[in-house]
Structure formats: structure tokens, C-alpha cells
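A.B. asks:
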Amino acid sequence: MEAGALVFELRDLWPESIVAVGALRPSLTIRLLDALALHMYRKANAIVCVSRPFMDALIRRGIPASKLAYVPNGIDPAFWNAVTLRRLVRRSVSARARSLRAMSGRLAWPRVGTMLEAARLLKDRRPDVRFLVVGDGAERDELARRARHEGLGNVTFTGLLARERIPM
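If you count the sequence shown from 1, you need to add 127 to reach the numbering used here.
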């Protein structure tokens, strides 16, 4: 790639995600932001995407696949071994829980809202299934309020944890 090339790292689809989480409604502002994003995608020499569905969305919008590269977020497998995950579970939720579903990261309605619906459906049928939500985000307080309001005792929100504390 030549000097001065623009490499765009795409971590979220903006402004689509703003509308998807309900932060803003479709409007002139959203259309202008969308036009700006599309302009930047077109001007970029390469676009690094952390998600294959993001690549598909850009291709549908006319961005050549040859400009796109899939580079998922990386992890250190030794850091996330099964023993350390079990320690986190014991510390954060009932040690009697036989099955755990966990998610971490930026908390927003589409993902966590779906997980809360699953927790609601399973709370009486499968009391051994617990949900652990690690992370923070603009929607965290509302999601935790919803879980309390719906009596979802099978959901635990830890809040933001330092990376080093998670597997201990």
C-alpha cells in the first residue's frame, strides 16, 4: 500500500447502530452521517472489519470486496482457559449453577436485550442456567433495571471489570 493510504478500521456500523439501539431515530442528521460514512468507506484504500456481517453490509452498499479485510478481535487463549473461567463463575454467580451463558463487552439493547429474553424464558424451566453479563455501556443501567423488574434472578451484572480481574 502506498504512503498516505487511508486504512479505515470498522468496529461498528455507524450511523446504523445509533438507530438500531434506539439512541436516535431516522432523521436528516442520520442521513447526513450515513452519507459521510459512505464517503469515507469509498475514499479508504482498505477497510479492516472485525465482523463478517459488517463486510456483507458494506458490499451491499457498493464497497468492493477487494478493499475489505476481516480481522477479528484477538484473545490470549491462555488467559481465557477453562479453569479461570470457572473461578469467575464461582465468584460471580451461584456455585450450584450447572450451566452458564456469559457475555462481555459494550452492553447495548440488541445483544443484551435478546439475552434477557432468553433468561426470562429459562428462569423457571431451567433454574440451573445462569447468565453472567460482564461490561458496561450506555444501556447497562436500563438493562439491569429491566432484569430486576422482570425478576430475573438468573442474571448477574458485574459491571466493568479490569481485564486482569476477570479470570482470577
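Here a beta-carbon is modelled for each residue, glycine too, at the ideal position from N, C-alpha and C.
State the DSSP-derived secondary structure class of Asp139, mapped to helix, strand or coil.
C.D. replies: To locate residue 139, count along the sequence shown from 1; it is residue 12. Coil, per DSSP.
A.B. asks: Can you tell which of Phe258, Arg247 and Val256 has its C-alpha closest to the C-alpha of His276?
C.D. replies: The residue labelled residue 276 in the question sits at position 149 within the sequence shown. Of the candidates Phe258, Arg247 and Val256, the one whose C-alpha sits nearest the C-alpha of His276 is Arg247.
A.B. asks: Looking at chain D, is there any beta carbon in it that lies within less than 8 Å of the beta carbon of Leu259?
C.D. replies: Among the chains in the structure shown there is no chain D, since it carries only a single protein chain.
A.B. asks: Taking the alpha carbon of Pro254 as the point to measure from, which residue in Gly280, Ala271 and Leu270 has its own alpha carbon closest?
C.D. replies: Position 127 of the sequence shown, counted from the start, is the residue given in the question as residue 254. It is Gly280.
A.B. asks: In whole angstroms, what is the alpha-carbon distance linking Pro155 and Arg188?
C.D. replies: The residue given as residue 155 occupies position 28 in the sequence shown. The residue given as residue 188 occupies position 61 in the sequence shown. Checking the sequence shown, residue 155 turns out to be Leu, not Pro. Those two C-alpha atoms are separated by around 19 Å.
A.B. asks: If you run the structure through DSSP and keep just helix, strand and coil, what is Asp268?
C.D. replies: The residue you call residue 268 lines up with position 141 of the sequence shown. Three-state DSSP puts Asp268 in a helix.
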